[in-house]
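For reference, the structure is listed below as structure tokens.
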Amino acid sequence: MVKSKDSILKDYQNNVSTQEAQIRELNKTLNNISLSRLGLFIAEILLVSITIYLGYHWITGILMCIPVLYFMVLVKRQTIKENELNYAEKLLFVFQNEVSVMLTGKNKYKEGKHFEDEYHPYSSDLDIYGHSSLFAFINRSNTVNGMKLLADSLNKPANLEIIRERQAAIIELTGHIGQTFHFRAGLQNHKPEQLEIISYKLEHEMPDQLKFTHNKLLRIYTAIVPFISAVLIILGILYGDPFWKGLGFYAVINIALSFGLGKKINLIHSGFSGSASLLNAISGTVKWTEELKWESKYIKGFFTEKILAVPLSLQIKKLSGIINSFDVRLNMVVGTLYNVFLLWDFRCAIQLDKWFVNSSDQLIKGLYTISQFEELISFATFNHNEPDLTFPVITETFHFEAKELGHPLIAENKRIVNDYNFDTHPTVDIVTGSNMAGKSTFLRTGGINMVLAFSGAPVCAKYMKVSIFEILTYMRIKDSLNDQTSTFKAELNRLKMILEGVTTLSHPLVLIDEMLRGTNSKDKYLGSKVFIQQMILKATPTLFATHDLQLSEMIEKYAGQVRNYHFDIQLAEGEMNFDYKLKEGACKTFNAALLLKEIGLSFNPVEMDS
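Have a look at this one:
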């Protein structure tokens with residue numbers, strides 16, 4: 157059963173309330189732990205004071221150890237609860253973000269501004285990347301590779317087989333949408349490049365950095381240090397001063413050893429520091445990607461036998477545990493004690509080396525798999541949040557047909573939909589109409605839905621059947637002071653790109669919005685006419701929006717190769733009303749005079765002629 161949009165929003169809002177309650181409870185628990193740690197610290201000070209005042213006795217020695225041991229237990233419990241709180245806050249962000257997207261259209265994930273390229277065949281004109289773009293609306297990726305994969309999928313059409321496979325994969329992921337929220341939470345609130353830094357470190361830096369841990373004497377000594385420390389502490393408790401002095405001398409040796417190899421330890425720790433919570437959070441959520449029996453061929457391709465032989469989730473969890481242990485060194489007091497009595501940094505480095513030998517290659521591949529899931533999850537979330545979307549039929553033969561086609565970035569309560577289809581053969585469809593009537597939006601509506609369709613995503617239409625086209629657009633033409641390019645020169649450059657594309661591409665589709673704005677009306681008309689003739693000659697399907705009614709007269713000479721459509725206005729007592737509905741034929745009503753009158757400019761056509 158497909159849920160309504162209101163029902164989906166209500167689910168998100170309920171999840172927000174649940175997470176907020178859990179966060180309050182976890183904060184309360186952490187406050188209690190902090191108070192308990194403070195109490196233990198005070199108790200230890202009192203015991204030390206009593207020992208100094210009364211003199212050392214083995215009973216006071218044992219009593220002094222109890223607060224320390226319990227303190228360590230509380231530190232461990234605090235770490236667990238802090239991880240739970242961190243994860244709960246990230247999951248809260250995920251649900252809050254979906255509420256924001258559904259109510260306001262504002263998405264807190266990256267908007268893909270660095271993918272903007274005004275020289276791309278269509279991305280700038282169709283609002284694919286950047287502020288208020290398609291990428292900004294659907295992106296749920298938080299890793300560098302995840303965002304790059306999403307940008308690539310919107311950047312060019314996939315082939316027919318891949319599109320169909322991706323459609324099946326997005327539908328399958330939509331069916332597991334609940335798990336995807338946890339998957340996203342595991343990657344949230346971390347630097348987008350953090351997984352890539354870990355991957356680079358594993359592949360290019362770790363082999364050399366871990367070489368010093370291969371020293372057999374170092375490994376043997378590191379292994380027995382805890383036992384030596386325990387024996388000396390027990391003997392000190394039982395027999396007092398001589399063994400405490402021995403423990404002090406032994407501690408100096410360990411400090412010197414740690415200091416001597418400190419630079420090498422720092423290099424190993426660098427790049428991993430602070431990533432334990434990221435890896436720990438995603439280890440559990442990645443598990444469902446391994447345990448589910450995926451049906452879609454596209455998702456099955458994410459996994460190889462080598463990765464499946466040792467589950468990625470276990471590899472991540474083990475690495476997370478090592479890094480979390482390694483991060484003890486960030487606490488000056490605890491880190492010093494651990495290194496003095498356990499050579500903690502060395503133990504962590506040796507454990508990391510053992511893990512590296514067995515699992516690094518698989519994890520590097522697995523980290524990329526995480527980004528692949530992120531990219532698909534972006535589309536699955538889009539599909540889940542918009543239940544009225546539909547997956548288009550992709551066909552091999554020339555075709556475009558859409559019922560109730562709307563712009564996905566326009567709010568549903570403001571969106572106007574239209575039916576539109578190509579002829580059985582390529583034509584130039586000239587769209588005329590008054591200012592603000594909807595010509596430009598209609599061209600962008602068709603283009604952006606094709607971009608979605610060719611990425612395997614659902615489209616904003618009741619029904620859509622389309623063959624694969626390579627889109628070329630001419631809409632937002634800007635001059636450039638840096639490149640010393642006038643508007644007219646920029647227009648010529650864009651036209652040159654389109655004409656070359658029409659010649660070299662297999663299945664070009666051209667979208668033109670008011671051509672040659674940077675020149676006089678006569679040259680504009682003649683240039684537009686010649687361009688349309690060229691599109692007819694090349695049998696290139698073209699949507700050509702213009703104010704120039706003369707161009708619509710080309711249908712007389714090119715019947716069957718040119719079609720006329722228009723958007724008009726309804727005038728009632730001097731007021732303009734737009735219905736934004738596409739109609740057949742050329743436009744008969746324009747609104748420039750009325751618009752000029754509204755700002756204080758009025759003219760009489762008869763007086764102007766005389």
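Following my numbering, the numbering of the sequence shown begins with 157 at its first residue and continues without gaps. Ideal placement from N, C-alpha and C gives every residue a C-beta, glycine not left out.
Query	Result
Beta-carbon proximity of T591 to N436, cut-off 8 Å	Looking at the sequence provided, one finds Asn at residue 591 rather than Thr. No, the Cβ-Cβ distance between N591 and N436 is not below 8 Å.
Beta-carbon proximity of A432 to S476, cut-off 8 Å	yes
When I353, S439, I572, L661 are compared against I624, the one with the closest alpha-carbon	L661
At least 3 beta-carbon pairs within less than 8 Å: the region 262-271 vs the region 581-600	no
C-alpha distance - V276 paired with S596, whole-angstrom precision	For the record, residue 276 in the displayed sequence is His; it is not Val. Distance between the alpha carbons of H276 and S596 is about 19 Å.
Limits of the alpha helix (DSSP H) - the one that I624 falls within	Run containing I624: none; DSSP gives neither H nor E here.
Span of the beta strand (DSSP E), counted from its first residue to its last, around E560	556-561
Exposed unless 16 or more other CB atoms sit within 10 angstroms - verdict on C379	Position check: residue 379 holds Ala in this sequence, whereas Cys was assumed. By the 10 Å Cβ count, A379 comes out exposed.
Proximity of I692 and Q726 at Cβ, strictly below 8 Å	no
CA nearest to the CA of L699, picked from F556, Y619, G562, D308	F556
Bridge partners - I550, DSSP secondary structure assignment	V622
Rounded Cβ spacing between L651 and Y630 (contact assumed at less than 8 Å)	7 Å
Extent of the continuous alpha helix (DSSP H) run through P363	362-365
Straight-line Cα distance separating D509 from L499	16 Å
For M671, the residue or residues it bridges with in DSSP	In DSSP, M671 forms no bridge with anything.
Collapsed DSSP secondary structure at L464 in the structure displayed	Bear in mind that a pLDDT of 48 at L464, under 50, signals an unreliable position, so the model cannot answer this.
Neighbour-count burial assignment, Y243, 16 or more Cβ in a 10 Å radius	buried
Assumed close pair I668, A695 - CB separation to whole angstroms, cut-off 8 Å	Between A695 and I668 the Cβ distance is about 16 Å, and since that is not below 8 Å, they are no contact.
Bridge partner(s) assigned by DSSP for Y576	A558
Cβ neighbours of V300 in the same chain (closer than 7 Å, five flanking residues each side left out)	P348, E349, E352
Span separating the alpha-carbon of K449 from that of E712	60 Å
contact_flag[the region 193-204, the region 356-375] where n(CB pairs < 8 Å) is 3 or more	no
C-alpha distance - A609 paired with A715, whole-angstrom precision	31 Å
Own chain partners of M606 with C-beta closer than 7 Å, once the 5 adjacent residues on each side are dropped	V622, F625, I627
H722: first and last residue of the uninterrupted beta strand (DSSP E) it sits in	718-723
Option nearest E709 by Cα separation, candidates A742, N574, F723	A742
Beta-carbon proximity check, T185 vs K264, cutoff 8 Å	no
Coarse secondary structure for P382, derived from DSSP in three states	helix
Length of the line joining the Cα atoms of F529 and G302	8 Å
Pair within 8 Å by beta-carbon distance, I472 and I438	yes
Rounded distance between the beta-carbons of I688 and L665, thought under 8 Å	No, L665 and I688 are not in contact; Cβ-Cβ is about 15 Å, not under 8 Å.
Simplified DSSP state of P664, which is helix, strand or coil	strand
Outcome for N676 when other beta-carbon atoms lying within 10 angstroms are tallied against a minimum of 16	exposed
For N298 and L523, the rounded distance between their alpha carbons	13 Å
Proximity below 8 Å, CB of Y406 to CB of L417	no
C-alpha gap between G195 and I294, whole angstroms	50 Å
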